[in-house]
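Protein sequence lines, in the order shown, are assigned to chains A and B.
Per the UniProt record's numbering, the first sequence runs over residues 1 to 875.
Per the UniProt record's numbering, the second sequence runs over residues 1 to 875.
What follows is a set of notes on a single structure, which appears directly below.
2 protein chains.
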Amino acid sequence: MTTKYVYLFQEGDANMRELLGGKGANLAEMSKLGMPVPNGFTITTEACNKYYEDGETINEEIQAQIMEYLGKLEAETGKKFGDAQNPLLVSVRSGARASMPGMMDTILNLGINDVVAKTIADKSQNPRFAYDSYRRFIQMFADVVKGLSKKRFEEIIDEVKVQRGIKDDLELTAEDMMTLVERFKEFYQAELHESFPTDPKTQMMEAIEAVFKSWNNERAIYYRRMNDIPSSWGTAVNVQMMVFGNMGEDCGTGVAFTRSPATGENKLFGEFLMNAQGEDVVAGVRTPQSIDQLKEVSPTAYEQFVDICSKLEHHYKNMQDMEFTIEGGKLFMLQTRNGKRTAQAALKIACDMVDEGLINEEEALLMVEPQQLDALLHPMFDPEALKKATAITSALPASPGAGSGQIVFTADEAKEEADSGKKVILVRLETSPEDIEGMAVSEGILTVRGGMTSHAAVVARGMGACCVSGAGDIEMHEEEGYFVVGGKRYNRGDWISIDGSTGNVYGEKIETVPAEISGNFERFMSWADKARTLKIRTNADTPRDARQAVEFGAEGIGLVRTEHMFFEGDKIKAIREMIVAKTDEQMQAALNKLEPMQQKDFEGIYEAMEGRPVTIRYLDPPLHEFVPTDPEDIKELAKEMNISYDELAQVISGLHEVNPMMGHRGSRLDVSNPGIAHMQTAAVIKAAINVNKAHPDWNIEPEIMLPLIGDLKELQYVKKMVTETADQIIAEAGVELTYHVGTMIEVPRAALLADELAQEAEFFSFGTNDLTQLTFGFSRDDAGKFLPEYYDAKIYENDPFARLDQKGVGKLIEMAVTLGRQTRPDIKLGICGEHGGDPSSIEFANKLGLSYVSCSPYRVPIARLAAAQAAIKQK
Amino acid sequence: MTTKYVYLFQEGDANMRELLGGKGANLAEMSKLGMPVPNGFTITTEACNKYYEDGETINEEIQAQIMEYLGKLEAETGKKFGDAQNPLLVSVRSGARASMPGMMDTILNLGINDVVAKTIADKSQNPRFAYDSYRRFIQMFADVVKGLSKKRFEEIIDEVKVQRGIKDDLELTAEDMMTLVERFKEFYQAELHESFPTDPKTQMMEAIEAVFKSWNNERAIYYRRMNDIPSSWGTAVNVQMMVFGNMGEDCGTGVAFTRSPATGENKLFGEFLMNAQGEDVVAGVRTPQSIDQLKEVSPTAYEQFVDICSKLEHHYKNMQDMEFTIEGGKLFMLQTRNGKRTAQAALKIACDMVDEGLINEEEALLMVEPQQLDALLHPMFDPEALKKATAITSALPASPGAGSGQIVFTADEAKEEADSGKKVILVRLETSPEDIEGMAVSEGILTVRGGMTSHAAVVARGMGACCVSGAGDIEMHEEEGYFVVGGKRYNRGDWISIDGSTGNVYGEKIETVPAEISGNFERFMSWADKARTLKIRTNADTPRDARQAVEFGAEGIGLVRTEHMFFEGDKIKAIREMIVAKTDEQMQAALNKLEPMQQKDFEGIYEAMEGRPVTIRYLDPPLHEFVPTDPEDIKELAKEMNISYDELAQVISGLHEVNPMMGHRGSRLDVSNPGIAHMQTAAVIKAAINVNKAHPDWNIEPEIMLPLIGDLKELQYVKKMVTETADQIIAEAGVELTYHVGTMIEVPRAALLADELAQEAEFFSFGTNDLTQLTFGFSRDDAGKFLPEYYDAKIYENDPFARLDQKGVGKLIEMAVTLGRQTRPDIKLGICGEHGGDPSSIEFANKLGLSYVSCSPYRVPIARLAAAQAAIKQK
């Protein structure tokens, strides 16, 4: 049986999106609905995949089918390709399953040549139109199929205008257009050493191949990676009879949305141009008219269009984005698809459509991209104020939101100024853990160095602060208190504004509007909460983060990284004293200083969570992260600690590790220094007892999570430290307190031996960051250097640190889930780490029946929606 | 049902070793065989484990059983514990499944107190004997059970001697002994604030507990770890009626072997002392007599003993090591066990016993520890010459064997001097990859820094060169051409000798005797080859190593680490040119230089292997390993390469990685730089074609192994580079050549997705070093810092880098084996890396039915024997 690679529009429908692509399926659907769609056919995505399988060749079988369907099209339209009497012209357009940038541009007017152009000129009595169409086709074909620069064609047009002494394209006559056709062909011949193809069938086959090729151009690959689209989808190609919006004053072309894509308002929204072809609407030479005005210009077409819009929206149950052309007063639909929209519009449309009875709540939930919600969670610049502002530089959009404030250069300054009520923007070469407090009080963070995963970017995203990073154009004079960019100097105290969603930096104050998380947002999210079964927790290390997360709907904390608290104030001093301790007594003295501070930290977090569950992970990073490595800094610290430089330097060099990611960290620290586990346990338990006393109804049950466990005996050993301390404190306090001890599953061995670990662990939390690193065998810090080459080679299609690798890492997780439940059927299971906020990873977690995912506060709403969508899809 | 924790000797037998320990089981067996064994009972290893389970308490149930069996012993012997008429004295001795050092010493004469001592004095008419036994018991009990220093007791004896004006212990009278008993008790009371226990039952229970405790003392734990003995074995305790070798001239005690433990000669071998107790034989106060002399001294006992020896050897089918006591002319057997022996003796005994018809070849194979063979593979010092030498310092025994030569301080010197026919010892602060050639020509390597896994140690073991590392006492003056140790100066050219099996360094020339791998060795190994099914390959990077491995019986090469060749001569230059290449042309130029050099390397290896299979692994380490990091070295290299310091420094700093073990290495290098894979393929294929031409009967089929693969597409991508280049070269050469492409399984993801990888990989080789690192999540370089604490905490009992972790890593390997065979039933499977030479890991490989293991040349014989033993055991 031979595969069918080509479908007439009337043979398909909207369900055949995978095979026909979005555009083809919707053209077919509109045909089926009896709407006026110019005839045509679609070459399938399978043909595209076959093209690549066959070493980038369109095989004879497919070529034959294309010719067969071209014949059918000719029969239907009564026109003939390349015919001197009644020639058929077509458009060739790409159309993948999802619309994506980077794909081949449309080629219009294909099928034209000298003979055909003359026929059209004669028949239309409009030679200028005929030769304008011809020269446009040559331009498009040369650019899109052959890769010749558009610019050179524009230069030729300019040369002709100079010769003719005219300035405006519109002044070019039919003869000028004929000249251009000739000059374009000459240029084509000179550049490519082949004459411009006059055979319409050759033109078509080359255009189809160009569509296939464009599936694998760099932009398309990049877009697919960013949007998790597998390359195996392929693209379809649509070949459609041309209708002309540029044949006279009763012709026109336009685009429209059934509702406002900006606000969601339920009102037709769009624009059109009479006597024009598609590209003119966007070219900006003439100003398009609002769609309302079509009522006067072409009332019949308008009425028919309004009717079609309504039908399409009801049919697709979604806001539609359409293209149409009017030829001789007659309306033709060229495209319909679900319209892109802003986050605000998305929520309004979803809510309105439910109210209108068009869709139910679950359908509404599936209509909004979870990722889109992010835009609603951060302050934005006032759109009117922004229009008047000009960016002074632009860098990486490292953490979304907008901020405006006065320049400060250090974390200390930031705190001081913020305490006195000022709004500040912290400008740094790059940030370090010591800057966290200063970052937290700033309106935004701007760094000169560092990328999307720099310290500043990661921390800012975690705390929802806006951040622009890697602004290399800025020349820093931190000590002198100013920076220079674009030749202008900005001093400490000057106002600047940054937009972490675009990466723009402005040298002035711009008003912001606050995040909008009530109204439609609240209503919509309540539907999500009804639909989902997965609990959403947050990763939070401070009461501030915890409160923010609760506001965004977090149902608990899945990960408190205790070490993040260690950099503040006196704690870092005590930690360093612990590190340099030479005797047990010195060690204990340092731990004794830390304990009450940690206890206060935990009390703050318990208070903020108001009785919701809190999972506290014990100290995880290697100790060298708490000490400096630069000789100058060591010198300073030695002085501060009142020990010799040599002594401190020796301690620090003793902490050096070859592969710190695989070093002395996690529970390994507790095995070496049981004092740390005892101290942290005392702080956790005492804090819970205290807060429970103040709020007896909260009934806090601390969840203690041991990191980097790889063996049952290791877990038993460290757990014993925990239970001994905890039980003693509880007994001494004379209270009732339930606490839970669980483990992270981060090293592959833990997943492989999860049945054993579950004997002791009451819960597992999958630390998917480390698990991904160890399963792939590449470190996140280093993989950045070679992963791009893997994307180029199409080995990996997306970043396993952003999207969970369900095949490899997921297999380990699945094993651990199965094994863990064998031993302890009611074991609580969760994911913490960056993947906890990624929709596809959440879908995976839902499929495995995990209890919860935990993500940074600003991803909580995204996770709530993603979990709801997963639950609905898996029904 | 209650557990039986105590067994009379007559209730047990030799098969109950796990429960009764080795000593207990053999005492029971000898009883069963009707040999004269003093009555007694054994407390089981399960009681020991229960003791630890119960928080280091002997529970009432066990105590009751002990008392019950004590009663039975009393009934049998007709004596009574603590009795004034006919008192029972016992010895209490530990006895684990395998004999091990660090366990509790024997306590003799237990049950004695004032009353009993007097009774014994009266009954034996020998008060000196009675009180000597008493004071000995107090000493032993205080030392072994209570941890009081032996030294203090010796001091008290000395005080008494001074008071009495005598010099020799033998001059002490009965009264002196009574004084000592009193003074010892006083000292005991003063130190421990409790009086010495006079109740024999209390004495016994405390002694038993001390045995249990000794199972977990540091030395025992260390020994177990070194010998792969799990702590769950526990130790048994033997309580046995005392017989006295020190009651008169018709009494005596001795030890003997049924054959010579030094040479294996089939002749009774041992010594004895009349009128003495066990400890006197080893104490060296009196010189023991040779066992032959017993014939004259006590002919009946001797005859009986010779008869027993013969029976025991036939019964156990192994050379026996025995203890005996003669009391009043009557022989008593106190112990028998398989005797420890030298490697030479082990082979002779095994061969002789087969010739004698005592055992068959398979039993002979099981009788020799594979690890022991190592001693036969290296030159040793002439024993007579060694007796006269004194060590000038001692450090780590990093690589076995003995070497004697003149001091050189650099690899270049070593080559020069060796070329001129001199024997040299290379002395370095530490070695680096550039030193390899110099190391290869030296008789031995001595380093001041570095441990058992330092570069020098690892490389030396690989090449079978002897090495002593970490000799920190040596003060180096390399530039001036001398070193100082023990206050003496050793100059370039002076003779020194080093023993890599003991770590000793000698300041003189000592004659060596060559390795002995013919005779019994050859015969024995031929049996091993008959018995095993697993093939043994070797890891070899040079023709020299390859030839050595073939001599040791290697059947192929499982791993050629191509990078090890890159450090030699011009190759390192070309590699560096490749690294700094800025254009494709520069890159290609560097690769063009490398290709013929690599081809020559491979030709050499093929020649050395004479047609045996050779697996070549492509470049594996990150490129920064090929460039210096020290600014001085960079400066020099920049000059040499004729580029600026800054440029080179920038390239080098760009290569820096945070976690190099998880960085840009393995096949990732080929994805980024396909030129490397093309170059290596060209070299491999051209070498094979050339060598096949010269030796048509060899029919070499190159096996190309791609490292660090984690994904099917990655494997396809790199494999395509290989096949394209290979197929083209083969076609151009117009020859037939079969080659194979396979992959290492080193990252967990490869094991998890082995079914996919097997679509493309013709073979898998488990790189268990990296797989262990990634499965545990700790790097070999860093784990050294905390693993000792894990051993102390009894979390891990042995080094997973030395002995394969069958539970975790092994589970992954098993998965990969199963999955790989699903896709490709005949897939070839092997293990390369350090584990390939470890007997327990080889047993695991045999169980999984792998095709081969590959290990360093000097481990090949060990692996052959281990594979034979595994095959026999698994029958």
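Heads up, the beta-carbon is just placed ideally off N, CA and C, and yes, glycines get one too.
Keep in mind that this is a model prediction, so the values were computed, not measured.
ask   = Is L812/A closer than 9 Å to D838/A when the C-beta atoms are compared?
value = No. Outside cutoff.
key: Cβ-Cβ distance between V92/A and T44/A below 9 Å   = The answer is no: Cβ separation not under 9 Å.
message = I'd like to check one pair, L446/B with I498/B: are the Cβ atoms closer than 9 Å?
response = Yes, Cβ-Cβ distance for I498/B and L446/B is below 9 Å.
query = Is the beta carbon of A84/A sitting closer than 9 Å to the one on V37/A?
reply = Taking 9 Å as the Cβ cut-off, A84/A and V37/A do not qualify as a contacting pair.
Boundaries of the beta strand (DSSP E) in which E625/A is found, first to last residue = Per DSSP, E625/A belongs to no beta strand (DSSP E) and is neither H nor E.
query = In angstroms, rounded to a whole number, what distance separates the CA positions of D620/B and Q822/A?
reply = Going by C-alpha positions, D620/B is about 40 Å away from Q822/A.
Cβ-Cβ separation, H740/A to G611/A (assumed contact under 8 Å), whole Å = Not really, about 15 Å apart at Cβ, beyond 8 Å.
inquiry  = Residues of chain B with CB closer than 7 Å to the CB of D781/A, please, in chain order.
reply    = Within chain B, the residues near D781/A are V658 and N659.
task = Please list, in chain order, all residues of the same chain as V735/A whose beta carbon is under 6 Å from its beta carbon, the five residues on each side excluded.
result = Contacts found: I689.
ask   = Buried or exposed: L559/A, going by 16 or more other Cβ atoms within 10 Å of its Cβ?
value = Buried, by the Cβ-count rule.
Chain-ordered residues of the segment 742-769 of chain A with a beta carbon less than 8 Å from chain B = In summary, the residues of the segment 742-769 of chain A whose CB is separated from some CB of chain B by less than 8 Å are E746, V747, P748, R749, L752 and L753, in the order they occur in the chain.
Residues, ordered as in the chain, of the segment 784-798 of chain A that lie near chain B by beta-carbon distance below 8 Å = Those would be K785, F786, E789, Y790, A793, K794, I795 and Y796, in chain order.
key: Counterpart residues of Q406/A in DSSP-defined beta bridges   = Per DSSP, V424/A and W495/A.
query = Taking 9 Å as the CB-CB limit, is G663/B close to chain A?
reply = Output row for G663/B: interface = yes.
task = Could you list which residues in chain A have their beta carbon closer than 7 Å to that of R668/B, in chain order?
result = Residues of chain A passing the Cβ test: F786.
message = Run through chain B and tell me which residues come within less than 7 Å of L773/A, C-beta to C-beta.
response = A quick correction: the sequence has Gln, not Leu, at residue 773/A. Using a Cβ-Cβ cut-off of 7 Å, Q773/A is close to M662 of chain B, given in chain order.
query = If we ignore side chains and look at the alpha-carbon of each, how far apart do Y618/B and I676/B end up?
reply = Roughly 9 Å between the two C-alpha positions.
query = For a contact meaning CB atoms closer than 7 Å, what does Y717/A contact in chain B?
reply = Going along chain B in sequence order, the residues near Y717/A (Cβ under 7 Å) are A793 and I795.
ask   = Of all the CB atoms in chain B, is at least one closer than 9 Å to the CB of V550/A?
value = For V550/A, the closest Cβ of chain B is not nearer than 9 Å.
ask   = Which bits of chain B does L559/A rub up against, with CB to CB less than 8 Å?
value = Ordered by position in chain B, no residue passes the 8 Å Cβ test against L559/A, which lies about 18 Å from the chain.
key: Stretch pair the segment 636-646 of chain A + the segment 718-735 of chain A: three plus CB contacts closer than 8 Å   = With a cut-off of 8 Å, the segment 718-735 of chain A and the segment 636-646 of chain A do not count as touching, because too few Cβ pairs lie within range.
inquiry  = If I measure Cβ to Cβ from D781/A and keep anything under 7 Å in the same chain, skipping five residues before and after, which residues do I get?
reply    = If we look at D781/A and ignore the five residues flanking it on each side, it has no Cβ neighbours.
key: Host beta strand (DSSP E) of A96/A (start-end)   = From DSSP, the beta strand (DSSP E) with A96/A extends over V90 to A96.
Under 8 Å by beta carbon: chain B residues contacting D443/A = Before going further, note that residue 443/A is Glu rather than Asp in the sequence given. For E443/A, there are no neighbours in chain B by C-beta distance under 8 Å, as the nearest C-beta there is about 32 Å away.
Complete beta strand (DSSP E) runs within the segment 283-370 of chain B (minimum length 3 residues, chain order) = Secondary structure within the segment 283-370 of chain B: the beta strand (DSSP E) runs of 3 or more consecutive residues, fully enclosed, are 320-327 and 330-338 (chain order).
Burial state of K4/B (16 or more Cβ within 10 Å) = In the assembly as shown, K4/B is an exposed residue. Its beta-carbon has fewer than 16 other beta-carbons within 10 Å.
key: Close Cβ partners of M587/A (< 8 Å) along its chain, the five nearest in sequence each way excluded   = Only M578, A581, N673 and G675 meet the Cβ criterion.
task = Indicate whether T42/B and G12/B have their beta-carbon atoms separated by less than 9 Å.
result = Pairing T42/B with G12/B gives a Cβ-Cβ distance under 9 Å.
query = Taking all protein chains shown into account, do 16 or more other C-beta atoms lie within 10 angstroms of the C-beta of G403/B, making it buried, or fewer, making it exposed?
reply = Burial call: buried.
message = Taking the beta carbon of A845/A as the centre, do at least 16 other beta carbons fall within 10 Å, making it buried, or is it exposed?
response = Buried, because 16 or more other Cβ atoms sit within 10 Å of the Cβ of A845/A.
ask   = Could you give the residue range of the alpha helix (DSSP H) that holds L706/B?
value = No alpha helix (DSSP H) holds L706/B; the beta strand (DSSP E) holding it covers E703 to L706.
request  = Check the Cβ-Cβ distances between E801/A and every residue of chain B, and say whether any is below 9 Å.
outcome  = This sequence places Phe at residue 801/A; Glu is not what is there. Taking 9 Å as the CB threshold, F801/A stays off the interface with chain B.
message = To be precise: take each residue of the segment 697-726 of chain B, compare its Cβ to all Cβ atoms of chain A, and keep it if any distance is under 8 Å. Which residues remain?
response = So the close ones are L708, G710, D711, K713, E714 and Y717.
inquiry  = Would I66/B and M241/B qualify as a contact pair, given that the criterion is a beta-carbon distance under 9 Å?
reply    = No; because the gap between Cβ atoms is not below 9 Å, this pair is not in contact.
request  = Give a yes or no on whether the minimum CB-CB distance between V144/B and chain A is below 9 Å.
outcome  = Output row for V144/B: interface = no.
inquiry  = Just to make sure I have the definition right: I need the residues of chain D whose C-beta is within less than 7 Å of the C-beta of G451/A. Which are they?
reply    = The structure shown contains no chain D; the protein chains it does contain are A and B.
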